[in-house]
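Quick notes on the structure that follows.
Numbering (my numbering), first residue to last: 7 to 136.
Rendered as structure tokens:
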């Protein structure tokens with residue numbers, strides 16, 4: 007199982023934003039430089055994070071991005087869902103009359119993983135860094 011590079015960058019971006027003093031914003035150019043990314047690519051990720059309700063942008067010269075959701079409530083799963091969506095990782099490709107037993111095992115494993123990621127918070131990492 008592998009998450010996209012966008013999810014990797016989104017998680018790192020969110021941790022970085024959580025290390026900023028409350029209320030401070032950072033522009034996309036400066037934020038992109040922290041990860042050696044193109045501002046255009048990072049903008050696409052930031053748009054997904056904003057649509058997911060995790061960050062907000064402030065326009066203007068002093069504008070930029072900042073965390074919009076309560077810092078202590080942002081889980082790994084929140085970021086993953088914002089970038090990857092919320093579809094299942096595994097879908098049975100076989101047609102079974104009584105359901106796919108393989109899919110039920112995979113679904114259980116996925117639910118366990120989601121539960122773990124939902125109870126791990128980015129602020130804990132940000133606090134260790136900052």
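Beta carbons: idealized from backbone N, C-alpha and C, even for Gly.
- The Cβ atoms of residue 88 and residue 60 lie closer than 8 Å to each other.
- Here residue 116 is near residue 95, since their CB atoms are less than 8 Å apart.
- A direct Cα-Cα distance of roughly 29 Å separates residue 8 from residue 32.
- Here residue 54 is buried. Its C-beta has 16 or more other C-beta atoms within 10 Å.
- At least 8 Å separates the beta-carbon of residue 58 from that of residue 64.
- Excluding residues up to 5 positions away in sequence, 59 and 60 lie with their Cβ nearer than 7 Å to the Cβ of residue 75 in the same chain.
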